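S.K.:
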Amino acid sequence: MDNTYTKKTKWHEETQMDRLSDLPDCLLHHILSFMDSKYAVQTCILSKRWVSVWTHLPVLKLDSKFFNRVGNFRSFISQVLDHCETSNILTLSICSPKKNLASSLVDKIISFAVSHSVQELDLSLKYPIGDLQNVFRCQSLRFLKLDLFCVLPLPNSISLASLKTLILCKVTLKSENHCFDLFSSCLDLQNLVLDCVFLTISDIFNISAPALVSLTISKIIVNVAKDAKIMYYPPIKDRKVVITAPRLTSFSFTWYRPVSLSMDNSPLLENVNLSMSRGDLLDTQEEGCFMFLIDMLRQLGNARSLTVSLGLVKFLSVHSRLLEEQPFPFSKLESLKVVKGRQIRKKIPPNVLNFLVQGTPMAGELLAKFRKRKRRMCKQPMDD
Amino acid sequence: MSSTGRKITLKSSDGETFEVDEAVALESQTIKHMIEDDCADNGIPLPNVTSKILSKVIEYCKKHVEAPKSDDRDRATSVDDELKAWDADFVKVDNSTLFDLILAANYLKIKSLLDLTCQTVADMFKGKTPNEIRKTVHIKNDFTPDEEEKVRRENQWAFE
Chain Y
1 MDNTYTKKTK WHEETQMDRL SDLPDCLLHH ILSFMDSKYA VQTCILSKRW VSVWTHLPVL
61 KLDSKFFNRV GNFRSFISQV LDHCETSNIL TLSICSPKKN LASSLVDKII SFAVSHSVQE
121 LDLSLKYPIG DLQNVFRCQS LRFLKLDLFC VLPLPNSISL ASLKTLILCK VTLKSENHCF
181 DLFSSCLDLQ NLVLDCVFLT ISDIFNISAP ALVSLTISKI IVNVAKDAKI MYYPPIKDRK
241 VVITAPRLTS FSFTWYRPVS LSMDNSPLLE NVNLSMSRGD LLDTQEEGCF MFLIDMLRQL
301 GNARSLTVSL GLVKFLSVHS RLLEEQPFPF SKLESLKVVK GRQIRKKIPP NVLNFLVQGT
361 PMAGELLAKF RKRKRRMCKQ PMDD
Chain Z
1001 MSSTGRKITL KSSDGETFEV DEAVALESQT IKHMIEDDCA DNGIPLPNVT SKILSKVIEY
1061 CKKHVEAPKS DDRDRATSVD DELKAWDADF VKVDNSTLFD LILAANYLKI KSLLDLTCQT
1121 VADMFKGKTP NEIRKTVHIK NDFTPDEEEK VRRENQWAFE
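Chain order of the listed sequences is Y and Z. Going left to right, the first sequence walks through residues 1 to 384 as this note's numbering numbers them. Going left to right, the second sequence walks through residues 1001 to 1160 as this note's numbering numbers them.
1. Can you look up Val1091/Z in the DSSP assignment and give me helix, strand or coil?
2. Taking just the CA atoms, how far does Leu81/Y sit from Val118/Y?
3. Return the CA-CA distance between Arg298/Y and Pro329/Y, expressed in angstroms with no decimal places.
4. Identify whether Ser78/Y lies in helix, strand or coil by the three-state DSSP scheme.
5. Suppose the cutoff is 6 Å on Cβ atoms and the five residues either side in sequence are ignored; what does the same chain contact list for Leu60/Y look like?
6. Report the three-state DSSP secondary structure of Asp384/Y (helix, strand or coil).
7. At a Cβ cut of 9 Å, what residues of the region 1135-1148 of chain Z count as close to chain Y, listed as they run along the chain?
8. Any beta carbon from chain Z within less than 8 Å of Asn72/Y's own beta carbon?
9. Determine contact between the region 56-74 of chain Y and the region 1139-1146 of chain Z, defined as no fewer than three beta-carbon pairs at a distance below 8 Å.
10. Give the range of the alpha helix (DSSP H) segment to which Lys1062/Z is assigned.
11. So with Cβ pairs under 8 Å, would you call Cys150/Y a contact of chain Z?
12. Are there three or more Cβ pairs, one per stretch, closer than 8 Å when the region 132-141 of chain Y is compared with the region 185-194 of chain Y?
13. Is Val1024/Z helix, strand or coil by DSSP?
14. Check whether chain Z comes within 8 Å of Ile243/Y, counting only Cβ atoms and requiring the distance to be less than that.
15. Kindly indicate the opening and closing residues of the alpha helix (DSSP H) around Lys1032/Z.
16. Using a Cβ-Cβ cutoff of less than 6 Å, which residues in the same chain neighbour Thr244/Y once the five nearest sequence positions on both sides are dropped?
17. Check Pro155/Y in the structure and name its three-state DSSP category.
18. Could you check whether the Cβ of Val1121/Z sits closer than 8 Å to any Cβ belonging to chain Y?
19. Comparing C-alpha positions only, which one of Lys145/Y, Leu105/Y, Leu121/Y, Arg239/Y sits nearest to Asp131/Y?
20. Please list the partners that Leu269/Y has in chain Z, where partner means a Cβ-to-Cβ separation under 9 Å.
21. Under 8 Å, do Cys196/Y and Ser162/Y count as touching if we go by C-beta distance?
22. By the DSSP assignment, the alpha helix (DSSP H) with Leu274/Y in it spans what residues?
23. Name the chain Y residues whose beta carbon is nearer than 7 Å to that of Ser1096/Z?
24. Rounded C-beta distance between Asn351/Y and Ser317/Y? I'm assuming under 8 Å.
25. Give a single yes or no on whether Glu1160/Z has its beta carbon closer than 7 Å to a heavy atom of the ligand NAD.
26. Cα separation between Thr249/Y and Leu212/Y?
27. Please confirm whether Val242/Y and Ile294/Y have their CB atoms less than 8 Å apart.
28. Excluding five sequence neighbours on each side, which residues of the same chain lie with their C-beta closer than 7 Å to the C-beta of Phe253/Y?
29. Helix, strand or coil, according to DSSP, for Ala211/Y in the structure here?
30. Determine, using beta carbons only, whether Phe1099/Z and Leu168/Y come nearer to each other than 8 Å.
31. By a C-beta neighbour count over all protein chains shown, 10 Å radius and 16 as the cutoff for buried, is Lys379/Y buried or exposed?
32. Could you tell me if Met17/Y is buried or exposed, where buried requires 16 or more neighbouring beta carbons within 10 angstroms of its beta carbon?
33. Does Pro1130/Z come within less than 8 Å of chain Y when only Cβ atoms are used?
34. Does the Cβ of Ser1078/Z have 16 or more other Cβ atoms within 10 Å, making it buried, or fewer, making it exposed?
35. Going by other Cβ atoms of all chains shown within 10 Å of its Cβ, with 16 needed for buried, is Gln42/Y buried or exposed?
36. Alpha carbon to alpha carbon, what distance is there between Lys164/Y and Arg142/Y?
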């Protein structure tokens, strides 16, 4: 019986079929879409079947980390774009955060995105120079992520009708318009992320988007330009950010330098996530800082689920005397979490807990939840 | 005992029948459309899927439908990790079964299963030379040495 088995396995191995190459092109493309493009292109060498499979790949992910020399990466980008034989690209992702690309190459990439109806564009570049504004002419875009470390040239209004998700990282946005209103023409925009963004405004920065469901603002710095001069630490009241998002359900905010936030009308707001990053010492010494934070909490009063960072909790507890004088901001809270990074913290100073939880329908349960955890941490036996 | 309503009968290519909860069957967009078009009354024939593969697909769909959608967000991350570990185990199968699962997931239009199985194949390529890849998935090299050299030269820029 053993002999037959070994014979069978050997025969089986020798005549194993190449089931992979038999798959239709669309499935091979799906498999290759999970690989970085460097390795997807290298499949051309596997067999005759594979020579041109990659040229019709609708998902292109180019990452400089797989290339030792920047010159090689630059020519790789150029060649991939030139050899591409499909006119509908689903995803184009180019990651070169440490290696500069020439402006002609940046232009080529953006032209390619426009001419090939790219739906998801993800550019992570270092100080790119080129006609970046053309990105906003790419009407096919549903997903756009720009991580650029530069001043982003902007149209008066971004009008990308199919755009659902927009992520802007490490860019400077400038406008001399009194009403700096970038997003209101993106009628389908559902998710907006502003991460490490410098804003130079003349009056107000408007985040107005009728379909917006999720908004994340992580570390923004608002400077004010007046009379051809830029004020780098304008009074907090002048750092006006107005959010008009009637469909908003999730709001996540990392407090870096304080801003004066105004959230007009977001009746559907459910999840709020607030954290504090160690911002400039200069700013946090300003007295108004605490009051602007309290004001923001009050405007988020509809929240049902609140997650706060340990840093924010500490900041509130330091100003305990002022805290006692404030009306309770939340009226519908059902869930409260304190986090430090990804870890859940189970302790919260009672005066802060009280401030956040009183006035909500589930106050009793929330108070008990934190107290119970505190008790479990004691080594004494439970009394009742 | 199942908690939700209807049961749907699925028939594999080799004549076996499988009864599943409607919610499980609806993980497949193909089956979903058949149900919506009222073609499901006498059971749904799946001539492209053998019983061996169909039972695996059903196992996958059951697990993903039952995965607790925890409202308690404290637990949400560990539930995700558990499911990921289960998925990783699920695809530890021989190549033949894997490719059958890809074809079945494609035919039945179960996106998450298609992504999982295709990602698994893509992972097989990682860190391997072309020769090693050929061995792993049994691709016959039908190039002459000259032809192979020509292709490599033409695409030199990808073989830094």
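Don't be surprised by glycine CBs; every beta carbon is placed ideally from N, CA and C. Fair warning: this is a prediction, and the values are worked out from it, not measured in the lab.
M.R.: Straight from the coordinates:
1. Translated into the one-based positions of the second sequence, residue 1091/Z becomes position 91. In this structure, Val1091/Z counts as coil in the three-state DSSP scheme.
2. Walking along the first sequence from the start, residue 118/Y turns up at place 118. Walking along the first sequence from the start, residue 81/Y turns up at place 81. Approximately 12 Å between the Cα atoms of the pair.
3. Locating residue 298/Y in the first sequence gives position 298, counting from the first residue. Locating residue 329/Y in the first sequence gives position 329, counting from the first residue. Between Arg298/Y and Pro329/Y, the C-alpha separation is close to 4 Å.
4. Locating residue 78/Y in the first sequence gives position 78, counting from the first residue. Three-state result, Ser78/Y: helix.
5. Walking along the first sequence from the start, residue 60/Y turns up at place 60. Here the set comprises Ser37, Leu92.
6. Numbered from its first residue, the first sequence carries residue 384/Y at position 384. Bear in mind that the predicted position of Asp384/Y carries a pLDDT of just 36, short of 50, making it unreliable; the figure below should be weighed with that in mind. Looking at Asp384/Y - three-state DSSP - the assignment turns out to be coil, as it is neither helix nor strand.
7. Val1137, His1138, Ile1139, Lys1140, Asn1141, Asp1142, Phe1143, Glu1147, Glu1148
8. For the purposes of this step, residue 72/Y is taken as residue 72 along the first sequence, with counting starting at 1. Yes, its Cβ sits closer than 8 Å to a Cβ of chain Z.
9. no
10. For the purposes of this step, residue 1062/Z is taken as residue 62 along the second sequence, with counting starting at 1. Lys1062/Z -> alpha helix (DSSP H) spans 1051-1066.
11. As a first step, residue 150/Y is located in the first sequence; it is residue number 150 there, counting from the start. With 8 Å as the cut-off, Cys150/Y does not count as an interface residue toward chain Z.
12. no
13. Here residue 1024/Z refers to the residue found at position 24 when the second sequence is read from its first residue. In the structure shown, Val1024/Z sits in a helix (DSSP, three-state: H, G or I).
14. The residue you call residue 243/Y lines up with position 243 of the first sequence. Closer than 8 Å: no.
15. Here residue 1032/Z refers to the residue found at position 32 of the second sequence. Counting along the chain, the alpha helix (DSSP H) containing Lys1032/Z begins and ends at 1029-1036.
16. Stepping through the first sequence from its first residue, residue 244/Y is reached at position 244. Closer than 6 Å at the Cβ level, and outside the excluded window around Thr244/Y, lie Ser208, Asp264.
17. Mapped onto the first sequence, residue 155/Y falls at position 155. Note: Pro155/Y maps to coil in three-state DSSP.
18. Mapped onto the second sequence, residue 1121/Z falls at position 121. True, the Cβ-Cβ gap to chain Y drops below 8 Å.
19. By 1-based counting over the first sequence, the position of residue 131/Y is 131. Among Lys145/Y, Leu105/Y, Leu121/Y, Arg239/Y, the Cα nearest to that of Asp131/Y belongs to Leu105/Y.
20. Position 269 of the first sequence, counted from the first residue, corresponds to residue 269/Y. The premise fails here: Leu269/Y is roughly 16 Å from chain Z at the closest Cβ pair, so nothing lies under 9 Å.
21. The count along the first sequence starts at 1 and reaches residue 196/Y at position 196. The count along the first sequence starts at 1 and reaches residue 162/Y at position 162. Going by C-beta atoms, Cys196/Y is not nearer than 8 Å to Ser162/Y.
22. Locating residue 274/Y in the first sequence gives position 274, where the first residue counts as 1. Per DSSP, Leu274/Y belongs to no alpha helix (DSSP H); it is in the beta strand (DSSP E), 271-276.
23. The residue you call residue 1096/Z lines up with position 96 of the second sequence. By Cβ distance, chain Y contributes Arg19.
24. By 1-based counting over the first sequence, the position of residue 351/Y is 351. By 1-based counting over the first sequence, the position of residue 317/Y is 317. Confirmed, Cβ separation roughly 6 Å.
25. The ligand NAD is not part of this structure, which contains no ligands at all.
26. The residue you call residue 249/Y lines up with position 249 of the first sequence. The residue you call residue 212/Y lines up with position 212 of the first sequence. If you take the alpha carbons of Thr249/Y and Leu212/Y, they lie about 8 Å apart.
27. On the first sequence, residue 242/Y is found 242 positions in, with the first residue counted as 1. On the first sequence, residue 294/Y is found 294 positions in, with the first residue counted as 1. Not closer than 8 Å, so no.
28. Locating residue 253/Y in the first sequence gives position 253, counting from the first residue. So the list reads Ile217, Leu274, once near-sequence residues are dropped.
29. Looking up residue 211/Y in the first sequence gives position 211. In this structure, Ala211/Y counts as coil in the three-state DSSP scheme.
30. Sequence index remark: in the second sequence, residue 1099/Z carries index 99 (1-based). Sequence index remark: in the first sequence, residue 168/Y carries index 168 (1-based). Contact: no.
31. As a first step, residue 379/Y must be located in the first sequence, where it is residue number 379. Only weak support is given to the placement of Lys379/Y: the predicted model assigns it a pLDDT of 49, under 50, and the question is left unresolved by the model.
32. What you label residue 17/Y is simply residue 17 of the first sequence in a count that begins at 1. Classification for Met17/Y: exposed.
33. On the second sequence, residue 1130/Z is found 130 positions in, with the first residue counted as 1. Cβ-Cβ to chain Y under 8 Å: yes for Pro1130/Z.
34. Position 78 of the second sequence, counted from the first residue, corresponds to residue 1078/Z. Under this definition Ser1078/Z is an exposed residue.
35. What you label residue 42/Y is simply residue 42 of the first sequence in a count that begins at 1. When all chains shown are included, Gln42/Y counts as buried.
36. Numbered from its first residue, the first sequence carries residue 142/Y at position 142. Numbered from its first residue, the first sequence carries residue 164/Y at position 164. Going by the C-alpha atoms only, they are around 5 Å apart.
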